[in-house]
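Asker: Can you keep this structure in mind? I'll have questions shortly.
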Amino acid sequence: MSVLPQDELIKMWESEQENLKQQVLERDTEEWQRASGFKGLQRVGGVDLSFIKGDDVKACAQLTVLSYPQLEVLYADSQMVTLSTPYIAGFLAFRETPHLLEALRRLERDKPSLMPQVVFVDGNGLFHYREFGLACHLGVLADLPCVGVAKNLLHVQGVVRSGEHLSQISTLQKAGDTFPLTAASGRVLGKALRSSDKSTKPVYVSVGHRISLDTAVRLTSACSRYRVPEPIRQADMRSREYLRTHFPSQGT
DNA sequence: GCGACAG
DNA sequence: ATCTTGTCGC
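Numbering (this note's numbering), first residue to last: 29 to 280.
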């Protein structure tokens, strides 16, 4: 069976990103986003995929919903999925989005009252080569407010892990401190955030959909007990737990 | 040409 | 993403 060459596939994907990008709303669309203390916000979601060691095709897709501001788990869904595309930096959404959307559909079907009012995504939003990362992609297709939170710096539009960048990181003294991620064009694509007092390494926050950068950063800070915001952390922990119990590693 | 490169 | 337990430090 023949398939499209990878460079042709990538051209199609770039085209789709440019197309969907037109739908991104980079501003607060919800009442709670403007309210003091995020009054009116009751449910925050997190999504993640975990893999088995030697297998990059089978994965556990996870969706968690936590109460706000308590950050207690209200809902957790684990589902084994089969990935159909490889990981290529800049095209993560084509690998993960279909399964994350499926998880949101299951929630809509089974517990619609628990639908999150905002979803934290493991990866970037506007902080992306073409300003349309996973958090934007999922946000647009699900039509939900989304925030991108990456644990590592993607080298984007002149933003690199240079001495200057490391120097800026060292200026982050306490939880909530930030510095902007500014593209060569001068546009601020996201912010590095010290998410907890204990962690020196920042997370990289960017707009996914239907939220402003300032609100995204303040909300990420408000949802972080440790370095990784709690909705994503719970999704990560629970998907790994699922793999441990259903696919125990073989010992020698 | 070489290296960098979210998860 | 994953390979991996204990260990050093606050």
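Heads up, the beta-carbon is just placed ideally off N, CA and C, and yes, glycines get one too.
For threonine 57, I'd like the list of residues in its chain whose CB is within less than 8 Å of its CB, leaving aside the five on either flank, ordered along the chain.
Answerer: Indexing the first sequence from 1 puts residue 57 at position 29. Hits under 8 Å: Pro173, Arg238 and Ile239.
Asker: Using only the alpha-carbon positions, how far apart do proline 230 and leucine 94 sit?
Answerer: Numbered from its first residue, the first sequence carries residue 230 at position 202. Numbered from its first residue, the first sequence carries residue 94 at position 66. If you take the alpha carbons of proline 230 and leucine 94, they lie about 23 Å apart.
Asker: Going by the beta-carbon positions, is the gap between glycine 118 and tyrosine 157 smaller than 7 Å?
Answerer: For the purposes of this step, residue 118 is identified with residue 90 of the first sequence, where counting begins at 1. For the purposes of this step, residue 157 is identified with residue 129 of the first sequence, where counting begins at 1. The answer is yes: Cβ separation under 7 Å.
Asker: Going by DSSP, what residue range makes up the alpha helix (DSSP H) through leucine 166?
Answerer: On the first sequence, position 138 is the one that residue 166 refers to. Start and end: 162 to 170.
Asker: List the residues that DSSP assigns as beta-bridge partners of alanine 87.
Answerer: Within the first sequence, numbered from 1, the residue matching residue 87 stands at position 59. Alanine 87 is bridged to Phe79 and Val109.
Asker: Hey, how far is the Cα of glycine 161 from the Cα of glutamine 50?
Answerer: Mapped onto the first sequence, residue 161 falls at position 133. Mapped onto the first sequence, residue 50 falls at position 22. Cα to Cα, glycine 161 sits roughly 13 Å from glutamine 50.
Asker: Taking the CB atoms as reference points, tell me whether alanine 170 and leucine 132 lie closer together than 7 Å.
Answerer: Residue 170 sits at position 142 when you count from the first residue of the first sequence. Residue 132 sits at position 104 when you count from the first residue of the first sequence. It is a contact, given that the beta carbons lie within the stated cut-off.
Asker: Under 7 Å, do glutamate 236 and valine 175 count as touching if we go by C-beta distance?
Answerer: Here residue 236 corresponds to residue number 208 of the first sequence, with the count starting at 1. Here residue 175 corresponds to residue number 147 of the first sequence, with the count starting at 1. A small fix is needed here, since residue 236 is glycine in this sequence, not glutamate. For glycine 236 and valine 175, yes; Cβs fall inside 7 Å.
Asker: Which residue comes first and which comes last in the alpha helix (DSSP H) that contains proline 208?
Answerer: If you number the first sequence from 1, residue 208 lands on position 180. Note, proline 208: premise wrong, no alpha helix (DSSP H); beta strand (DSSP E) at 206 to 210.
Asker: Looking at the unbroken beta strand (DSSP E) that takes in serine 234, where does it start and where does it end?
Answerer: One-based indexing of the first sequence puts residue 234 at position 206. Where serine 234 is concerned, the enclosing beta strand (DSSP E) stretches over 231 to 237.
Asker: Considering only DSSP beta bridges, list what leucine 221 is partnered with.
Answerer: Counted from its first residue, the first sequence places residue 221 at position 193. Note: leucine 221 sits in a beta bridge opposite Thr206 and Val231.
Asker: Using a Cβ-Cβ cut-off of 8 Å (strictly less than) and excluding sequence neighbours within five positions of glutamate 42, which residues of its own chain qualify?
Answerer: Residue mapping note: residue 42 aligns to position 14 of the first sequence, counting from 1. Taken in chain order, the residues that qualify are Arg158.
Asker: Hey, out of Ala104, Val75 and His165, whose CA is closest to valine 52's CA?
Answerer: As a working note, residue 52 is residue 24 in the first sequence. The option with the nearest alpha carbon to valine 52 is His165.
Asker: Does DSSP classify tyrosine 103 as helix, strand or coil?
Answerer: Locating residue 103 in the first sequence gives position 75, counting from the first residue. In this structure, tyrosine 103 counts as strand in the three-state DSSP scheme.
Asker: Could you tell me which residues DSSP puts in a beta bridge with cysteine 174?
Answerer: Start at 1 with the first residue of the first sequence, and residue 174 comes out as number 146. Answer is Val147 and His237.
Asker: Can you round the beta-carbon distance between phenylalanine 79 and alanine 89 to whole angstroms, since I take them to be within the 8 Å contact cut?
Answerer: As a working mapping, residue 79 is identified with position 51 in the first sequence. As a working mapping, residue 89 is identified with position 61 in the first sequence. With a Cβ gap of about 11 Å, phenylalanine 79 and alanine 89 do not count as contacting.
Asker: Rounded to whole angstroms, what is the Cα-Cα separation between serine 64 and alanine 220?
Answerer: Locating residue 64 in the first sequence gives position 36, counting from the first residue. Locating residue 220 in the first sequence gives position 192, counting from the first residue. Serine 64 and alanine 220: Cα-Cα distance of roughly 23 Å.
Asker: Might you give, ordered along the chain, the residues of its own chain that have their beta carbon closer than 8 Å to the beta carbon of leucine 129, omitting 5 neighbours on each side?
Answerer: The sequence position of residue 129 within the first sequence is 101, counting from 1. Leu166, Leu169 and Ala170.
Asker: If I measure Cβ to Cβ from leucine 45 and keep anything under 7 Å in the same chain, skipping five residues before and after, which residues do I get?
Answerer: As a working mapping, residue 45 is identified with position 17 in the first sequence. The question names leucine, but residue 45 is glutamine in the sequence shown. Same-chain partners within the cutoff: Arg158 and Phe160.
Asker: What distance in whole Å lies between the Cβ atoms of glycine 151 and alanine 178, which are believed to be in contact at a cut-off of 8 Å?
Answerer: Counting from 1 along the first sequence, the entry for residue 178 is found at position 150. Counting from 1 along the first sequence, the entry for residue 151 is found at position 123. The Cβ separation is near 6 Å, so the contact holds.
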